[in-house]
Amino acid sequence: MRILCTHRVGPRGVERMNRLICQWILPKAQAAGCISQGAPLHDGVPLVEGTPIIVLANDRQVQLFNGDVGVILRDPAVRNPAVRDPVHHDGPRLVAVFPDANTGYRAISLSRLPEYEPVYAMTIHKSQGSQFDHAVVLLPPKDSDFVTKDLIYTGITRAKKKVTIVGQRPIFEKSIRRQLSRASGLRKRFWG
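When we follow this note's numbering, the leftmost residue of the sequence shown carries the number 1, and every step to the right adds one.
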């Protein structure tokens, strides 16, 4: 399941949704003993084992690129659960695990990652090319010229099995009537 937002910022934007979900998970993870002192932080909230992340910058050295999605897990190379992370001494060694065409997956130390963030929620734009069993499309609380029929269609078609649209019906209806208008200026440049 993935939450798909029309905007990055705002009351139903990616940044707020990810922060709320991380804050909601935190007490449950603490109660289960899944968080150590010095765990990696995002917006001041510790990231826990199982946190999905998205890479925000290209890094050729580790072969990760903007939009790559992975998950934070215990280091699969460490067989002894008593082995502690050399950086976060009192917790398990955590790594980011990404799909790999050759080996199935590859684990990368969190300290080697380019810029990243949790990805419980992502923009519809960033989700293009991805599919999820269940997509939850969050509409903004107020009408926005940015939210068009094309954007809603893209969000809906990210779902393989189920889609849930969250928002006010009038905003949804206005959005699906709004056409994408492009003002690239190319016509004027080429044909005067």
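We put the CB at the ideal spot given by N, CA and C, even for glycine.
It should be emphasised that the depicted structure is a prediction, and the values quoted were computed from it without experimental measurement.
Look at Thr154 here: in three-state DSSP terms it is helix. Between Ala29 and Ile35 a beta carbon distance of about 5 Å is seen, short of the 8 Å cut, so the two are scored as contacting.
For Gly44, the closest alpha carbon among the candidates Arg19, Gly50 and Asn66 is that of Arg19. Around the beta carbon of Leu138, a 10 Å sphere encloses 16 or more other beta carbons of the protein chains shown; the residue is thus reported as buried.
Taking 8 Å as the cut-off, the beta carbon of Leu47 is found no closer than this to the beta carbon of Leu56. Sixteen is the threshold: when 16 or more other Cβ atoms of the shown chains lie within 10 Å of the Cβ of Val147, as they do, the residue is buried.
A Cβ-Cβ distance of about 4 Å is found for the pair Phe132 and Arg2, placing them in contact under the 8 Å criterion. Within the model, the alpha-carbon separation for Phe172 versus Gln61 is close to 43 Å. Assignment of Cys22 by DSSP, reduced to helix, strand and coil, places it in the helix class.
Residue state for Ser175 is assigned as helix, using DSSP reduced to three classes. As DSSP reads the structure, Glu117 sits in a beta bridge with Ile54.
Taken through DSSP and simplified to helix, strand or coil, Ser109 comes out as strand. When the Cα atoms are used, Gln168 and Leu4 turn out to be separated by approximately 16 Å. In the same chain as Val71, and ignoring 5 residues on each side of it, the C-beta atoms closer than 8 Å to its own belong to Gly50, Thr51, Pro52, Ile53, Ala96 and Val97, in chain order.
For Met1, the three-state secondary structure derived from DSSP is coil.
One alpha carbon belongs to Ile108, the other to Lys174, and they sit about 44 Å apart.
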